[in-house]
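Below is one structure; the comments refer to it alone.
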Amino acid sequence: MTDLVEEITLQLDKPRDCPRCDGESLLLARFPHSWRNASGEVVPGIREAVLCRGCDRGDRPADELIALFAVDELLDHNNVATFSELAAAWVESVRHRSVDECMLADEEERWRRGNL
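Below, the structure is given as structure tokens:
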């Protein structure tokens, strides 16, 4: 049996701005993600998540990673193990986030009316 390795990519250097608030992000993560389409087939893909000081505040894995960035502005051999642990916990938490169906429906309605 072959073990599947999931590749997770972290971008620390100039990650894109937060899509929720347009503020500066601390970190961008890309990771495998799949879902079932209307036919029930699995559709593989890639998902991205950004770590934002404002929008992610209050989420424990994000808070711990944000605190590390606040204390240690640079990543080096002294904090790389801690960063790896905290980043892995944060990625695992954002993997389980789902779409807010009400927010999506509101955005669709505004888009239909030309208010976006």
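Position 10 of the sequence shown, counting from 1, maps to 18 under my numbering, and the rest follow consecutively. Glycine is no exception: its CB is placed at the ideal position from the N, C-alpha and C atoms.
Could you have a look at residue i and say whether DSSP puts it in helix, strand or coil?
i: P27; result: coil
i: R38; result: strand
i: E116; result: helix
i: R103; result: helix
Just how far apart, CA to CA, sit residue i and residue j?
i: K22; j: L34; result: 8 Å
i: D67; j: A75; result: 12 Å
i: V88; j: R38; result: 19 Å
i: L82; j: E49; result: 43 Å
Hey, residue i and residue j are a contact pair by Cβ (cut 8 Å); roughly how many whole angstroms apart?
i: V58; j: R24; result: 7 Å
Of the residues the options, which one's Cα is nearest the Cα of residue i?
i: E72; options: E93, L112, L83; result: E93
i: E115; options: L18, E14, E100, R28; result: R28
i: E32; options: D84, L20, F39; result: L20
i: V102; options: D30, R44, C63, V50; result: C63
How is the beta strand (DSSP E) around residue i delimited, first residue to last?
i: I54; result: 50-60
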